[in-house]
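What follows is one structure encoded as structure tokens, with my remarks underneath.
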Amino acid sequence: MSDSPIPTVDLRPWLSGDAELRAALAVTVDRALQNAGFLLITGHGVEPGLRARLRSAARAFFLLPAEVKQRYAARVGGRGWLGPGAEANAYAEGTETPPDLKESLTFATDEPFEDPVVNAEWYAPNVWPAEVPELRGPCEEYLGRMAALEKELLSLLGCALGMGTGFFSRHMDRPTYGFNINWYPGAEVVGEPRPGQFRIGPHTDFGTVTILDRQAGRGGLQVYTDEGGWADAPYDPDAFTVNIGDLLARWTGDRWRSGRHRVLPPPVDAPAEELMSLVYFGECTPGTLVESVPAPVGRVAYPPVDSHVYLRAKLDSIAVD
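Be aware that the sequence shown starts at 1, since it is given in full-length UniProt numbering, and climbs by one per residue.
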């Protein structure tokens, strides 16, 4: 751990079960999430080789001709390919910007739920491009690792909030999730950025926790804090970047910040820079009633909301018509 506003937290003491180490870790996490809504997580046990195989397979898809990728086109929140111009994430915070300079492959929960209406909305089958058969294996393995890590993180966050390890994790019996493989090609693919255009515009995420595996770059991730404004996010190739989403911030009564962030456009002095991020968006079981924890833990008492009614409205807000 460090004294940075966005500290690096080693999960191994938490996973070891030592009560004193767990309590100390929970204090650090609570402090960091009140400030910026971000952490770096090491000791997670997800091998670099798995992430590399997933990136390699995804890149093979992104380099296919546009007419081939179009066969897998999806809407925001769906399964498949989100092509250039599909999203403008800054719309979610009310900022009008040009569309984001990225392409995405998007996947989500696809195990059937008992309610057919919920199934139709949140559990549609994933779409696996036939041209890249090597994608499915590492993607499904990675998603299994992310689901397990999300549950551990939510247990830690329940403890950090002072509400017990099951406070959030008990709502994870049949959780949904979203997963984007975001490809940020260079300017030779996306063209010169328009005024106010980013690889991803300023926004906060929508769910519980986001688990990000990213690559360092000049046109990379920036995080906003009240003290420092926009600054490059700290980077550790062994770490995942974890941030709080709007739903969890609301759940904590705004004790914890929903981490505001953006991804810079291709840099002028390195226009061919290409990056790829693996972004797991944690959610919870459909139908969960999210109620703000009361004071003195919580600071704002929001009206209770259905978790997935809230999430659908957020997803719809960033789609470019």
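The C-beta atom is built at its ideal place from N, Cα and C for all residues, glycine as well.
On the criterion of 16 or more Cβ atoms from any shown chain inside 10 Å, does residue i qualify as buried, or is it exposed?
i    : result
R71  : exposed
A73  : exposed
E47  : exposed
E96  : exposed
A295 : exposed
Which of the three DSSP states, helix, strand or coil, is assigned to residue i?
i    : result
Q70  : helix
G14  : One point to set straight first is that residue 14 is Trp, not Gly, in the sequence displayed. Correct three-state label for W14: helix.
W230 : strand
G253 : coil
P296 : coil
T8   : strand
Y123 : coil
M163 : coil
Y280 : strand
V118 : helix
G196 : coil
L39  : strand
G85  : coil
A319 : strand
G45  : coil
Nearest-angstrom Cα distance between residue i and residue j?
i    : j    : result
V320 : P99  : 7 Å
F61  : A231 : 32 Å
P65  : P129 : 13 Å
Y302 : L289 : 12 Å
P13  : L25  : 8 Å
C284 : L247 : 10 Å
P5   : E114 : 43 Å
H44  : F240 : 8 Å
L149 : T252 : 20 Å
G196 : D18  : 48 Å
List the residues that DSSP assigns as beta-bridge partners of residue i.
i    : result
E103 : W183
G80  : T106
Q222 : D232 and R262
V305 : V290
I211 : V242 and Y280
H203 : H261
Y177 : G282
Is the closest heavy atom of the ligand ADP to the C-beta of residue i under 8 Å?
i    : result
C159 : This structure lacks the ligand ADP; in fact it carries no ligand of any kind.
Are the stretch 76 to 91 and the stretch 140 to 155 in contact at 8 Å, needing three or more beta carbon pairs?
no
Is the stretch 216 to 227 close to the stretch 251 to 268, with three or more CB pairs under 8 Å?
These segments touch.
Are the stretch 270 to 287 and the stretch 179 to 199 in contact at 8 Å, needing three or more beta carbon pairs?
Between the stretch 270 to 287 and the stretch 179 to 199, the count of C-beta pairs closer than 8 Å reaches three or more; the two stretches touch.
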